[in-house]
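Student: In my numbering, the protein residues as written are 263 to 489.
Here a beta-carbon is modelled for each residue, glycine too, at the ideal position from N, C-alpha and C.
Have a look at this one.
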């Protein structure tokens, strides 16, 4: 029995490393900002999350994706505060970006997201925001950071997964603006990773991610309306 458990653990570790490597390599294609391949890193992460959980025979209560306990997980110490922090981060990011880069900041964000989001169809937009946030959280927090934490130190996992996540959002534009955009996404990703670690549930970090994205869209809409 001990030998069988060891083999199972080794397989889950191997597939964790393979999956993380694949996600990093796909994201590196963003060296060409127009590359569309990087987006597949999310699908790789989602597939690997369920594969590794199956190989490790993860029990429901130990899974990184738990629907039944989401509200209980939100009540864990410090979780709610970290969940809401991205709202403040997004407001500060938008205010700073507008102050430094003017209207170009809003145009850059709209250009980066317009191919994925239907801004003119609110019900569809809401669905897209939820699905996108859930997919990214399963891939980058549930799998990349979450499974890597079983092998490597937490902060290494948080930094590497967040660098990869942020790099996946690179878009063509002014170098300073692109750096600012990616740097702020990196900070938000670190926050989501902390939310995941404290709650143990990527559905909780998904809610935080949705709060962040919704705040960002509201800020953009307000800026466009006022300009």
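Can you tell me which of 409, 377, 480 puts its alpha carbon nearest to the alpha carbon of residue 327?
Tutor: Measuring from the Cα of residue 327, the nearest candidate turns out to be 409.
Student: For residue 403 and residue 419, I'd like the C-alpha separation in whole angstroms.
Tutor: Those two C-alpha atoms are separated by around 10 Å.
Student: Spatial neighbours of residue 322 within its chain, please: CB distance less than 8 Å, with the 5 preceding and 5 following residues excluded, ordered by chain position.
Tutor: Closer than 8 Å at the Cβ level, and outside the excluded window around residue 322, lie 328, 330.
Student: Can you tell me whether residue 431 is helix, strand or coil according to DSSP?
Tutor: DSSP places residue 431 in coil when its eight states are reduced to three.
Student: Going by other Cβ atoms of all chains shown within 10 Å of its Cβ, with 16 needed for buried, is residue 344 buried or exposed?
Tutor: It is buried - the Cβ of residue 344 has at least 16 other Cβ atoms within 10 Å.
Student: Among 401, 375, 367, 395, which residue has its Cα nearest to the Cα of residue 281?
Tutor: When each option's Cα is compared against that of residue 281, the closest is 401.
Student: From what residue to what residue does the alpha helix (DSSP H) around residue 377 run?
Tutor: It is not in any alpha helix (DSSP H) - residue 377 carries neither H nor E in the DSSP assignment.
Student: Measure the beta-carbon distance from residue 359 to residue 433 and round it to whole angstroms, keeping in mind my assumption that it falls under 8 Å.
Tutor: Their Cβ separation, rounded to whole angstroms, is 14 Å, which puts residue 359 and residue 433 out of contact at 8 Å.
Student: Provide the residue span of the alpha helix (DSSP H) that contains residue 341, from first to last.
Tutor: Looking at the DSSP string, the run of the alpha helix (DSSP H) that includes residue 341 is 341-363.
Student: Return the residue from the list 306, 298, 297, 438 that minimises the CA-CA distance to residue 399.
Tutor: Residue 306 is the option with its Cα nearest to residue 399.
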